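Student: When you read off a place in the sequence shown, starting at 1, and then add 9, the result is the number in the numbering used here.
First the structure, then my questions, so here it is.
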Amino acid sequence: MRQVQAGLLTPAQFTQSQTDGCRLNSTARRVFFPAWYDDAQVWLDTPMRDSLALLLKIVRQYGYSIEG
10 MRQVQAGLLT PAQFTQSQTD GCRLNSTARR VFFPAWYDDA QVWLDTPMRD SLALLLKIVR
70 QYGYSIEG
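Pasting the structure below:
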């Protein structure tokens, strides 16, 4: 919604159908996803960091090694 309010997207860039629901056209997707990631990166960083830490803990716990 923020991208629409900021003028990055317009209602004309959305389509709707019974089969597909509400979708962005290809031009709008090229605008939306980079803007969404820029906004989401702040709140995605912590869960990604936590997930990586858990994965590394498990790898170390079971003694996995890239050498085999």
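In this text, a Cβ means the ideal position worked out from N, Cα and C, and glycines have one as well.
Source: prediction; values computed, not measured.
Am I right that V40 and L17 are in contact with their C-beta atoms under 8 Å? What's the rounded C-beta distance?
Tutor: Numbered from its first residue, the sequence shown carries residue 40 at position 31. Numbered from its first residue, the sequence shown carries residue 17 at position 8. Sure, about 5 Å apart at Cβ, within 8 Å.
Student: To the nearest angstrom, how far is the alpha carbon of S26 from that of R11?
Tutor: Walking along the sequence shown from the start, residue 26 turns up at place 17. Walking along the sequence shown from the start, residue 11 turns up at place 2. Looking at the two C-alpha atoms, the distance is approximately 23 Å.
Student: Quick one: what's got a C-beta closer than 6 Å to R32's C-beta in the same chain, skipping five residues either side?
Tutor: Here residue 32 corresponds to residue number 23 of the sequence shown, with the count starting at 1. Here the set comprises T24.
Student: Is DSSP giving L17 helix, strand or coil here?
Tutor: Position 8 of the sequence shown, counted from the first residue, corresponds to residue 17. Coil, per DSSP.
Student: Skipping 5 residues on each side, what residues in its chain have a beta carbon closer than 7 Å to that of L44?
Tutor: Position 35 of the sequence shown, counted from the start, is the residue given in the question as residue 44. Reading the sequence as shown, one finds Ala at residue 44 and not Leu. Cβ within range, chain order: Q12 and L17.
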